[in-house]
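Our numbering applies: residue 700 is where the sequence shown begins, and numbers increase by one. In what follows, a single structure is set out as structure tokens and then discussed.
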Amino acid sequence: MDRYLIIKTRDELLRIRIGQILYFEADRNYTKLLLSNGIQFTFAINIGKIEELLEKQVIGSNEILIRVGKSHILNKNHILQINLPKQKLLLLAESGKPIELNISKDPLRVLKETLEQDMDKMIES
Numbered sequence: 700m701d702r703y704l705i706i707k708t709r710d711e712l713l714r715i716r717i718g719q720i721l722y723f724e725a726d727r728n729y730t731k732l733l734l735s736n737g738i739q740f741t742f743a744i745n746i747g748k749i750e751e752l753l754e755k756q757v758i759g760s761n762e763i764l765i766r767v768g769k770s771h772i773l774n775k776n777h778i779l780q781i782n783l784p785k786q787k788l789l790l791l792a793e794s795g796k797p798i799e800l801n802i803s804k805d806p807l808r809v810l811k812e813t814l815e816q817d818m819d820k821m822i823e824s
């Protein structure tokens, strides 16, 4: 069963399938959303509010979507590569073309460790 996130603003309503989300990116009081098919939206909502919406609307969203630092919420299922020395993260879009994000080293290291722990749990079970 598909799970959806509904984002409402004064003038808009957007219904997004969780699996289509590549990432959210903060830009002051705005948040940019990029979907796996390349469609992009910008909301006059800060990323903290987006995180609250995810927690309220999508049970288990933290299993798929993860906050990385102050500026990003990523879909773990689309992560292709983490490169700590270059501070780069590659996400794989539907087109097969990777999307590159620059993320500071500490949040990237935490993400890498989290994914490694998830992998270890999957191997154990």
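Ideal Cβ placement from N, Cα and C applies to all residues, glycine included.
Rounded C-beta distance between residue i and residue j? I'm assuming under 8 Å.
| i | j | result |
| --- | --- | --- |
| K769 | L783 | The Cβ separation is near 18 Å, so there is no contact. |
Quick one: residues in its chain with C-beta nearer than 7 Å to the C-beta of residue i, no 5 flanking neighbours on either side, listed in chain order?
| i | result |
| --- | --- |
| R766 | E750, I772 |
| N774 | I720, L721, Y722, I763, L764 |
| S794 | G737 |
Among the options, whose alpha-carbon lies nearest the alpha-carbon of residue i?
| i | options | result |
| --- | --- | --- |
| R727 | G747, R709, I822 | G747 |
| L753 | I720, F740, Q780, G737 | I720 |
| N736 | H777, L764, N761, Y729 | H777 |
| N801 | L789, K811, S794 | L789 |
| R709 | K731, A725, A743 | A743 |
| E799 | T813, V809, I781 | I781 |
| L810 | Q739, K787, K731, L733 | K787 |
Counting only the same chain and skipping the five closest in sequence on each side, list residues whose C-beta sits under 6 Å from that of residue i.
| i | result |
| --- | --- |
| I705 | R714 |
| L702 | The question names Leu, but residue 702 in the sequence shown is Arg. Once the five neighbours on either side are set aside, the close Cβ partners of R702 are I717, V757. |
| N745 | N728 |
| K785 | none |
How should residue i be labelled, buried or exposed, when 16 other C-beta atoms within 10 angstroms of its C-beta is the threshold for buried?
| i | result |
| --- | --- |
| T741 | exposed |
| Y729 | exposed |
| L712 | exposed |
| L779 | exposed |
In its own chain, which residues sit with a C-beta less than 8 Å from the C-beta of residue i, not counting the 5 before and 5 after it?
| i | result |
| --- | --- |
| D817 | K775 |
Practice task
Taking only runs that begin and end inside the segment 701–787, name each unbroken beta strand (DSSP E) of 3 or more residues, in chain order.
Solution key: Counting only runs of 3 or more, we get 703–707, 712–716, 720–726, 729–734, 739–742, 764–767, 771–774, 778–782.
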